[in-house]
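Working notes, structure below.
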Amino acid sequence: KQWYQRRVRGVGGCSASHHFKRPAQPWERTDGAIRLVMELSDVPNAKPELLNLLPKVSKATRKRNFEHHRHLLETIYKSLPIIFRRLTKSKIKGYVNDFLDGLYYGLKSEMNLLRAASVECLQSLSLLLGPHILGGRIEMSNYDMYMHIQSSFPETIGC
């Protein structure tokens with residue numbers, strides 16, 4: 004009987020319960036914002052504004068001082084290929100380098116979902132920009148990353 008009374012009053016229960024409430028963590032709000040940017044990238048009138056948001060998205064890839072940063076990076080690297088493809092190659096070329104250090108962090112991560120999202124993002128960037136262009140950008144900005152990719156995923160950088 005006590006369990007039922009607590010449930011009716013909204014005390015206890017799991018996170019799937021409609022009684023369970025807690026304030027959203029900043030990373031969770033950012034995660035939702037990234038997903039919103041991905042959805043808005045399909046709206047033609049929103050594209051110019053979304054280009055202005057890409058530096059903020061890349062800034063989020065450099066924040067690693069919270070417990071769930073890997074989950075946020077996973078969302079970013081799952082969403083980024085879709086965003087970039089929808090905004091077109093000519094418009095996003097100037098922003099790609101801003102994401103490379105975080106992408107390298109994801110490629111080396113021990114979290115399998117983040118590593119998989121990073122590999123898929125790398126492959127998508129290779130298809131979008133071309134493997135030699137992507138390889139040249141990576142080699143110029145982060146030679147350690149270039150060597151890592153060359154040994155693990157050579158097809159993505161034209162080796």
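Count along the sequence shown from 1, then add 3; that gives the number in the working numbering. Beta carbons: idealized from backbone N, C-alpha and C, even for Gly. This structure is a prediction, so every number in the text was calculated from the model and none was measured.
### Touching by the beta-carbon criterion (3+ pairs, under 8 Å), the region 68-80 and the region 94-109
yes
### Query
Within this structure, are the beta carbons of T159 and L125 separated by less than 8 Å?
yes
### Message
Would S61 and D34 qualify as a contact pair, given that the criterion is a beta-carbon distance under 8 Å?
### Response
Not in contact: S61 and D34 (Cβ atoms no closer than 8 Å).
### Query
For V46, is the classification buried or exposed, using 16 other Cβ atoms within 10 angstroms of its Cβ as the cut-off for buried?
Exposed.
### Task
Could you pull the start and end residues of the alpha helix (DSSP H) that H151 belongs to?
Y146 to S155
### Query
alpha helix (DSSP H) containing E77: first to last residue?
H72 to L90
### Task
Identify which residue in N68, L54 and M148 has its Cα closest to the Cα of R89.
Nearest C-alpha to R89 among N68, L54 and M148: L54.
### Query
Leaving out the 5 sequence neighbours to the left and right, which residues in its chain are closer than 7 Å to A49 when beta-carbon positions are compared?
Listed in chain order, the non-local C-beta contacts of A49 below 7 Å within the same chain comprise L43, local neighbours out to five positions each way being set aside.
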